[in-house]
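Student:
Protein chains in written order, with my numbering: chain A, 2 to 511; chain B, 70 to 400.
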């Protein structure tokens with residue numbers, strides 16, 4: 002019976018066809034080791050691969066590595082690679098490529114992998130062409146979560162060794178091990194990837210080509226999907242306001258799965274260095290004054306859920322038993338009175354978050370909410386460059402941001418709260434200036450801890466403190482809908498969703 | 070000979086104007102807060118300050134502003150417009166790749182708006198002048214008012230909804246059918262179909278302007294004594310319109326055409342965005358949002374050269390239409 006099911010499934014996977022999707026904004030380049038923007042990840046993850054991928058529970062699954070082993074002292078990680086893997090130019094992919102990628106290329110070039118590699122990796126060795134051995138300086142449990150393709154893509158040693166990685170001409174014609182090869186990029190119009198006939202999984206991929214169209218206007222993207230010119234919409238491709246309508250079209254499927262690895266979580270950033278937000282009671286009052294359910298229902302059109310704390314509910318070690326800041330203006334005003342701070346004394350500078358109309362509405366809603374409890378608010382409009390500059394320079398009283406979790410609190414969450422991460426000039430750090438020795442300690446211990454139970458205990462304690470302190474103003478977990486035409490199958494299969502290689506995606510013939 | 074020395078003097082002035090444009094733009098862009106390094110770091114969700122610093126060095130943003138400007142100007146004189154780190158390509162290559170699409174779009178929109186606009190204007194003036202079919206005058210003027218008042222993006226979206234979504238006659242975006250592998254005549258037809266909606270969207274506003282301008286200007290000329298003389302002599306109405314009225318009425322239209330060519334680059338940003346047209350307008354917009362300084366300056370340089378050239382052409386056309394205009398005396 003089980004065997005029959007497998008056979009049927011295999012027969013149903015028809016080869017052939019062109020899948021058309023949207024890439025927006027247009028990525029600057031497709032060399033995944035050099036650029037990590039969302040659109041780059043989306044397209045280049047079909048060309049490049051990582052050692053591992055992750056299921057919806059964020060447990061590692063084989064990709065270029067078929068097996069792995071961790072030594073009892075948690076210091077040595079050994080990976081057994083898939084045999085017979087070739088780069089798109091025909092050269093064999095070996096353990097030497099892995100060592101070069103991690104120890105040379107990514108150590109130097111990758112803004113997210115680099116801190117982990119530099120801090121924890123002692124050495125990388127290739128004892129055999131299909132075996133890689135990483136030795137760590139100190140135990141770091143989330144190490145195994147760091148091998149996802151957008152974090153540690155494998156790059157070809159024979160092309161990059163001894164060159165200036167940034168200016169290597171090969172960056173324009175990416176060479177990976179993935180199921181699809183780079184074929185054509187007409188800037189401003191489209192990117193075409195074509196089937197890799199020598200892909201290491203026999204019989205795969207099923208698609209002949211993937212076309213990513215560049216359509217800069219959100220309304221035009223909705224039209225493109227409605228007309229059937231594109232078959233897949235990724236979260237963010239169209240405004241939330243259009244999703245309900247598109248979802249209702251005949252033959253359209255939608256899912257919010259496939260974002261578990263990223264778990265995007267939005268929050269307010271208070272400038273905690275100066276009044277009024279240096280006072281924890283004032284921050285708590287703000288939390289009581291914001292109707293987060295209202296925000297999710299009306300500003301996000303239901304595409305999200307209220308966040309409880311710094312860790313997204315899809316991420317390991319999430320704990321929902323934390324203090325709850327329900328919407329209550331009376332409580333908010335009482336807390337302000339208790340704090341003794343004259344919040345109306347000087348206007349609060351609220352720097353808008355320049356990433357679309359939902360964020361504009363959120364800025365306006367926040368201004369109104371705060372003014373209800375006595376604040377004066379200046380809403381400062383800005384563009385992406387201006388926002389990054391102001392936030393990095395701590396030139397704000399209040400602003401918004403959202404962050405990816407990268408599968409483990411040590412990778413995606415700790416950076417926003419560690420006092421060692423208060424760094425001027427960068428917008429994705431501890432910009433609020435939160436300093437708590439206890440929190441620093443707990444994050445450090447939790448990152449090194451081996452037993453999941455112990456890690457859970459430490460992260461639960463952290464969530465208690467960070468919520469009680471309102472270290473950030475946790476607002477909502479963003480939900481992104483993937484919309485697709487019903488004949489496109491196997492689109493979302495893992496915890497990284499559309500950043501998966503698409504080697505098993507197929508178009509069902511009618 | 071006079072016209073040649075006129076052109077030479079104008080070109081010399083134009084070069085100074087372009088230099089001024091480049092310097093001014095350079096300073097203005099650097100006045101805006103934020104730089105490419107911080108934006109790229111933000112997009113990579115990086116919390117690594119060494120990464121931002123490394124990007125700044127890579128872009129030369131750690132050097133004093135005047136040094137950056139001097140380096141840039143030196144490059145421009147050697148026809149090197151710099152390197153877009155964002156796109157990892159030389160600026161000149163990026164612009165050369167996108168410029169033809171914009172020129173095609175702008176050129177056709179120009180011809181469309183001028184041709185249709187003048188034609189409508191003539192028809193309206195004629196019907197008023199001859200007193201026959203007065204409803205035509207009202208109809209054309211109402212239509213012109215409508216197009217004059219409709220915002221470009223709104224019109225674009227309406228056209229897409231009607232002709233692409235509802236009727237399915239025309240493609241909604243892009244410059245050609247991707248992956249169809251069309252060549253030769255089939256390719257030309259394909260691109261032509263993709264051109265219809267953006268050209269109409271971009272051209273409608275100016276078409277309305279030309280219609281109104283031509284009509285008003287013609288009616289003014291029609292009231293003049295020499296026209297009355299011609300009518301009294303018994304010259305047929307059609308001939309009066311063509312020979313005497315239109316020729317005299319076209320000067321203000323030409324003036325405006327020069328302005329339109331300059332302004333259309335701005336409209337192209339919107340049109341190219343809505344229709345996913347791979348042109349230079351969007352390249353400029355993206356470069357601005359990403360603080361891609363060298364690319365942005367490159368686009369400014371190219372567009373200012375275009376505007377200056379169009380103005381020069383306008384002046385030459387003036388003289389061709391009305392030989393009485395003497396540029397030498399004016400210069």
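Positions of the beta carbon are idealized from the N, C-alpha and C atoms, including for glycine.
1) Are the CB atoms of residue 43 of chain A and residue 260 of chain A within a distance shorter than 9 Å?
2) Which residue spans inside the stretch 118–150 of chain A form an unbroken beta strand (DSSP E) run of at least 3?
3) Quick check: the Cα distance between residue 279 of chain A and residue 27 of chain A, rounded to an integer number of angstroms?
4) Using the Cα positions of residue 234 of chain B and residue 267 of chain B, report the straight-line distance between them to the nearest angstrom.
5) What three-state label does DSSP hand residue 89 of chain A in the structure shown?
6) What three-state label does DSSP hand residue 441 of chain A in the structure shown?
7) Where does residue 194 of chain A fall in DSSP's three states?
8) For residue 454 of chain A, which option in A/320, A/265, A/150, A/334 has the closest C-alpha, if you only look at C-alpha atoms?
9) Within 10 angstroms of its Cβ, does residue 211 of chain B collect 16 or more other Cβ (buried), or is it exposed?
10) Less than 7 Å between C-beta atoms, sequence neighbours within five positions excluded: which residues of the same chain meet that for residue 290 of chain A?
11) Would you call the stretch 281–299 of chain A and the stretch 250–264 of chain A in contact, with 3 or more CB pairs under 8 Å?
12) Where does residue 139 of chain A land, buried or exposed, given buried means 16+ other C-beta within 10 angstroms?
13) Residues in its own chain within less than 7 Å of residue 400 of chain B by CB, not counting five upstream and five downstream?
14) Here's a check: name, in chain order, each residue in its chain whose Cβ is nearer than 8 Å to the Cβ of residue 449 of chain A, leaving out the five neighbours to either side.
15) Spatial neighbours of residue 90 of chain A within its chain, please: CB distance less than 7 Å, with the 5 preceding and 5 following residues excluded, ordered by chain position.
16) If the cut-off is 8 Å on Cβ atoms, which residues from the stretch 359–370 of chain B count as contacting chain A, listed in chain order?
17) Step through the CB atoms of chain A and report whether any lies within less than 9 Å of the CB of residue 238 of chain B.
18) On the three-state DSSP scale, how would you describe residue 414 of chain A?
19) From the DSSP output, which residues share a beta bridge with residue 283 of chain B?
20) So which residues on chain B does residue 30 of chain A lean against when the C-beta distance must stay under 8 Å?
21) If I follow the unbroken beta strand (DSSP E) through residue 59 of chain A, where does it start and stop?
22) Would you call the CB atoms of residue 21 of chain A and residue 238 of chain A closer than 9 Å?
23) To the nearest angstrom, how far is it from the Cα of residue 132 of chain B to the Cα of residue 141 of chain B?
24) Below 9 Å between beta carbons: does that hold for residue 37 of chain A and residue 215 of chain A?
25) Short check: CB of residue 348 of chain A to CB of residue 379 of chain A, under 9 Å?
26) Select from A/84, A/504, A/506, A/391 the residue whose C-alpha is nearest the C-alpha of residue 101 of chain B.
27) Since residue 269 of chain A and residue 476 of chain A should fall inside the 8 Å C-beta cutoff, what is the C-beta to C-beta distance between them, to a whole number of angstroms?
28) Can you name the residues of chain B whose CB is closer than 8 Å to the CB of residue 215 of chain A?
29) Straight-line CA distance for residue 298 of chain A to residue 292 of chain A?
30) For residue 113 of chain A, which of A/412, A/40, A/313, A/491 has the nearest alpha-carbon?
31) Taking 9 Å as the CB-CB cut-off, is residue 433 of chain A touching chain B?
32) Are three or more beta carbon pairs between the stretch 329–346 of chain B and the stretch 119–127 of chain B nearer than 8 Å?
33) Indicate whether residue 195 of chain A and residue 188 of chain A have their beta-carbon atoms separated by less than 9 Å.
34) Given a cut-off of 9 Å, decide if residue 435 of chain A and residue 389 of chain A are closer than it, judged by their beta-carbon atoms.
35) Compute the Euclidean distance between the alpha carbons of residue 239 of chain B and residue 264 of chain B, then round it to the nearest angstrom.
36) Of the choices B/325, B/251, B/308, B/316, whose alpha-carbon is the least far from that of residue 282 of chain B?
Tutor: To lay it out plainly:
1) Along the first chain, read from residue 1 onward, the residue named residue 260 of chain A stands at position 259. Along the first chain, read from residue 1 onward, the residue named residue 43 of chain A stands at position 42. No, the pair does not count as a contact, with Cβ atoms beyond the cut-off.
2) Taking only runs of at least 3 residues, the beta strand (DSSP E) segments lying wholly in the stretch 118–150 of chain A are 122–129, 132–137.
3) Working through the first chain from its first residue, we reach residue 279 of chain A at position 278. Working through the first chain from its first residue, we reach residue 27 of chain A at position 26. Taking the straight line from one Cα to the other gives about 40 Å.
4) Walking along the second chain from the start, residue 234 of chain B turns up at place 165. Walking along the second chain from the start, residue 267 of chain B turns up at place 198. Near 15 Å, if we compare the C-alpha coordinates of residue 267 of chain B and residue 234 of chain B.
5) Walking along the first chain from the start, residue 89 of chain A turns up at place 88. Judged by DSSP in its simplified three-state form, residue 89 of chain A adopts coil rather than helix or strand.
6) Mapped onto the first chain, residue 441 of chain A falls at position 440. Here residue 441 of chain A sits in helix by DSSP.
7) Residue 194 of chain A sits at position 193 when you count from the first residue of the first chain. DSSP places residue 194 of chain A in strand when its eight states are reduced to three.
8) The residue given as residue 454 of chain A occupies position 453 in the first chain. It is A/320.
9) Here the question's residue 211 of chain B lines up with position 142 in the second chain. Exposed, because fewer than 16 other Cβ atoms sit within 10 Å of the Cβ of residue 211 of chain B.
10) Taking the first residue of the first chain as position 1, residue 290 of chain A is located at position 289. Answer for residue 290 of chain A: 330, 333, 370, 371, 373, 374, listed in chain order.
11) Per the Cβ contact rule, the stretch 281–299 of chain A is not in contact with the stretch 250–264 of chain A (fewer than 3 Cβ pairs under 8 Å).
12) Position 138 of the first chain, counting from 1, holds the residue named residue 139 of chain A. The residue in question, residue 139 of chain A, is exposed, as its Cβ has fewer than 16 Cβ neighbours within 10 Å.
13) Along the second chain, one-based indexing puts residue 400 of chain B at 331. In this predicted model, residue 400 of chain B has a pLDDT of only 39, less than 50, meaning its place in the structure is not dependable enough to derive any value.
14) Your numbering for residue 449 of chain A matches position 448 in the first chain. Closer than 8 Å at the Cβ level, and outside the excluded window around residue 449 of chain A, lie 139, 140, 141, 142.
15) Counted from its first residue, the first chain places residue 90 of chain A at position 89. Excluding its 5 nearest sequence neighbours in each direction, residue 90 of chain A has C-beta neighbours in its own chain below 7 Å: 176, listed in chain order.
16) Within the stretch 359–370 of chain B, 359, 360 place their CB atoms closer than 8 Å to a CB of chain A, listed in sequence order.
17) Sequence index remark: in the second chain, residue 238 of chain B carries index 169 (1-based). False, the Cβ-Cβ gap to chain A never drops below 9 Å.
18) The sequence position of residue 414 of chain A within the first chain is 413, counting from 1. Looking at residue 414 of chain A - three-state DSSP - the assignment turns out to be coil, as it is neither helix nor strand.
19) Here residue 283 of chain B refers to the residue found at position 214 of the second chain. For residue 283 of chain B, which the question treats as bridged, DSSP gives no partner whatsoever.
20) What you label residue 30 of chain A is simply residue 29 of the first chain in a count that begins at 1. Think of a sphere of 8 Å around the beta carbon of residue 30 of chain A: the chain B residues whose beta carbon falls inside it are 156, 157, in chain order.
21) For the purposes of this step, residue 59 of chain A is taken as the residue at position 58 of the first chain. Annotation: residue 59 of chain A is outside any beta strand (DSSP E) and is labelled neither H nor E by DSSP.
22) The count along the first chain starts at 1 and reaches residue 21 of chain A at position 20. The count along the first chain starts at 1 and reaches residue 238 of chain A at position 237. Taking 9 Å as the cut-off, the beta carbon of residue 21 of chain A is found no closer than this to the beta carbon of residue 238 of chain A.
23) Along the second chain, read from residue 1 onward, the residue named residue 132 of chain B stands at position 63. Along the second chain, read from residue 1 onward, the residue named residue 141 of chain B stands at position 72. For residue 132 of chain B and residue 141 of chain B, the gap between their C-alpha atoms comes out near 12 Å.
24) Here residue 37 of chain A refers to the residue found at position 36 when the first chain is read from its first residue. Here residue 215 of chain A refers to the residue found at position 214 when the first chain is read from its first residue. No Cβ-Cβ contact shorter than 9 Å links residue 37 of chain A with residue 215 of chain A.
25) Sequence index remark: in the first chain, residue 348 of chain A carries index 347 (1-based). Sequence index remark: in the first chain, residue 379 of chain A carries index 378 (1-based). Yes, the Cβ-Cβ distance between residue 348 of chain A and residue 379 of chain A is below 9 Å.
26) Counting from one through the second chain, the residue named residue 101 of chain B turns up at place 32. The candidate whose alpha carbon is nearest that of residue 101 of chain B is A/391.
27) For the purposes of this step, residue 269 of chain A is identified with residue 268 of the first chain, where counting begins at 1. For the purposes of this step, residue 476 of chain A is identified with residue 475 of the first chain, where counting begins at 1. That belief holds up - the Cβ atoms of residue 269 of chain A and residue 476 of chain A are roughly 6 Å apart, short of 8 Å.
28) Reading the first chain from its first residue, position 214 is the one you call residue 215 of chain A. Within 8 Å Cβ-Cβ: 345, 347.
29) For this step, residue 298 of chain A is matched to residue 297 along the first chain. For this step, residue 292 of chain A is matched to residue 291 along the first chain. Our two residues, residue 298 of chain A and residue 292 of chain A, have alpha carbons roughly 10 Å apart in a direct line.
30) What you label residue 113 of chain A is simply residue 112 of the first chain in a count that begins at 1. Checking every option, the nearest Cα to that of residue 113 of chain A belongs to A/412.
31) What you label residue 433 of chain A is simply residue 432 of the first chain in a count that begins at 1. It does not; no Cβ of chain B falls within 9 Å.
32) No: fewer than three Cβ pairs fall under 8 Å.
33) As a position in the first chain, residue 195 of chain A is number 194, starting the count at 1. As a position in the first chain, residue 188 of chain A is number 187, starting the count at 1. The answer is no: Cβ separation not under 9 Å.
34) Position 388 of the first chain, counting from 1, holds the residue named residue 389 of chain A. Position 434 of the first chain, counting from 1, holds the residue named residue 435 of chain A. Not closer than 9 Å, so no.
35) As a first step, residue 239 of chain B is located in the second chain; it is residue number 170 there, counting from the start. As a first step, residue 264 of chain B is located in the second chain; it is residue number 195 there, counting from the start. Going by the C-alpha atoms only, they are around 9 Å apart.
36) Residue 282 of chain B sits at position 213 when you count from the first residue of the second chain. Among B/325, B/251, B/308, B/316, the Cα nearest to that of residue 282 of chain B belongs to B/325.
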